[in-house]
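Novice: Here the sequence shown stands for residues 1 to 120, where the numbers follow full-length UniProt numbering. For reference, the structure I am asking about is given below.
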Amino acid sequence: VAVDALTLVDAFLRHADAARALRCLRIDARGPTALSAATLDATMAQLQVLDMRRVTLPAPPHGFFRGLRSLRRLHLANVVTHGPVLPSFWRGLDDAVSLEHLTVWGCPSLPPISTAQPLA
């Protein structure tokens with residue numbers, strides 16, 4: 001996704017029906033443009049693969065998607081935020097009972113997943 005395309009991604013994910021039906025989301029922002037807080041609050045019930053690279057999150061991000069019960073792969077690389085991030089940020093993973101692959105690197109501003117509420 002080009003930096004200018006993040007506006008398109010935000011608009012698409014804020015449409016509830018579109019976000020719920022999506023199975024794979026890959027974002028490589030390659031720039032400082034941030035995803036909106038509304039986008040990160042989307043319910044992604046069918047999402048199986050989430051791959052975010054070089055993405056800036058809004059400051060402060062309050063959450064990381066919701067309803068991720070179908071998520072199988074989560075890849076975060078160089079995801080940053082400018083400002084404090086609460087441990088509750090990871091509550092979106094509470095429903096991720098199908099998670100099989102987790103890769104996180106270059107994300108020093110995100111809290112450890114271990115500080116979140118216990119996963120289901």
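Cβ atoms here follow ideal geometry from the backbone N, Cα and C, with glycine treated the same way.
What residue range does the beta strand (DSSP E) around A77 cover?
Specialist: Boundaries of the beta strand (DSSP E) harbouring A77: R73 to A77, taken from the DSSP string.
Novice: I believe F89 touches P108 by the beta-carbon criterion, under 8 Å. Please report the beta-carbon distance rounded to the nearest angstrom.
Specialist: F89 to P108, Cβ: 14 Å. No contact.
Novice: Along the chain, where does the alpha helix (DSSP H) that runs through V49 open and close?
Specialist: V49 -> not in any alpha helix (DSSP H); beta strand (DSSP E) instead, spanning V49 to R53.
Novice: Ignore the nearest five residues each way along the sequence and tell me which others in G106's own chain have a CB closer than 6 Å to its CB.
Specialist: For G106, the CB contacts under 6 Å within the same chain, skipping 5 residues up- and downstream, are A77 and N78 in chain order.
Novice: What did DSSP end up calling R91 once you bin it into helix, strand or coil?
Specialist: In the structure shown, R91 falls within a helical segment according to DSSP collapsed to helix, strand and coil.
Novice: Which residues mark the beginning and the end of the alpha helix (DSSP H) in which D28 is found?
Specialist: Per DSSP, D28 belongs to no alpha helix (DSSP H); it is in the beta strand (DSSP E), C24 to D28.
Novice: Where does L8 land, buried or exposed, given buried means 16+ other C-beta within 10 angstroms?
Specialist: exposed
Novice: Could you give the first and the last residue of the continuous alpha helix (DSSP H) run that contains T7?
Specialist: L6 to R14
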